[in-house]
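Written below as structure tokens is the structure these notes are about.
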Amino acid sequence: MEKNKPVLERRQSVRFRILSLVKYAPESRGAAFQVANIQNVSRGGLTFFTEQEIKEDAILQFYFLPPNRKKPVEVRGKIVRRLRSPKNAKAFEMGVQFLDVSEDAKLAIRELETSFLEKQKKTRP
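Residue numbers (my numbering): 13 to 137.
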């Protein structure tokens, strides 16, 4: 059984929660896409939950629809962290580092980050 190890903080960008699903699949030809819940997103990556066992260093294709967009964001990403979910023994929390991010995807994520930070400012006293 896998134990949760202490996680070294590697964030370089602000992470923010979004209510969205992510479609993902290995880059191999003909691989079926899976759907999962996103936990958070940043300029550098995202975290999602899945019951599928994906190895660290796996490269996947991701599609997700931010609330501020009509068109899905498409990015490639590498699994850099895999932890058992503390709330569900069958699930894994997957940390993804984005690779080869298009200018359109960067813009969508920056807009999402700006919107998130503005909402945070309004809710703080």
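From the three backbone atoms N, C-alpha and C, an ideal C-beta is built for every residue, glycine too.
Given residue i as reference, the closest of the options once Cα atoms are compared
i	options	result
residue 90	78, 100, 81, 108	108
residue 81	30, 44, 135	30
residue 40	118, 72, 47	72
residue 70	98, 112, 121, 37	37
residue 74	65, 122, 48, 28	48
residue 121	96, 57, 97	57
Sub-8 Å separation of residue i and residue j beta-carbons
i	j	result
residue 60	residue 34	yes
residue 92	residue 68	yes
residue 3	residue 103	Because the chain is modelled from 13 through 137, residue 3 falls outside the range shown and cannot be assessed.
residue 26	residue 125	yes
Backbone CA spacing between residue i and residue j [nearest angstrom]
i	j	result
residue 32	residue 133	22 Å
residue 139	residue 113	With the chain represented from 13 up to 137, any question about residue 139 goes unanswered, as that position is not in the structure.
residue 101	residue 77	27 Å
residue 110	residue 64	20 Å
residue 127	residue 119	12 Å
Heavy atom of the ligand GTP within 7 Å of residue i beta-carbon
i	result
residue 59	The ligand GTP is not part of this structure, which contains no ligands at all.
For a minimum of 3 consecutive residues, which ranges assigned as the beta strand (DSSP E) are wholly contained in the segment 41-99? Listed in chain order, they are 46-53, 57-62, 71-76, 85-96.
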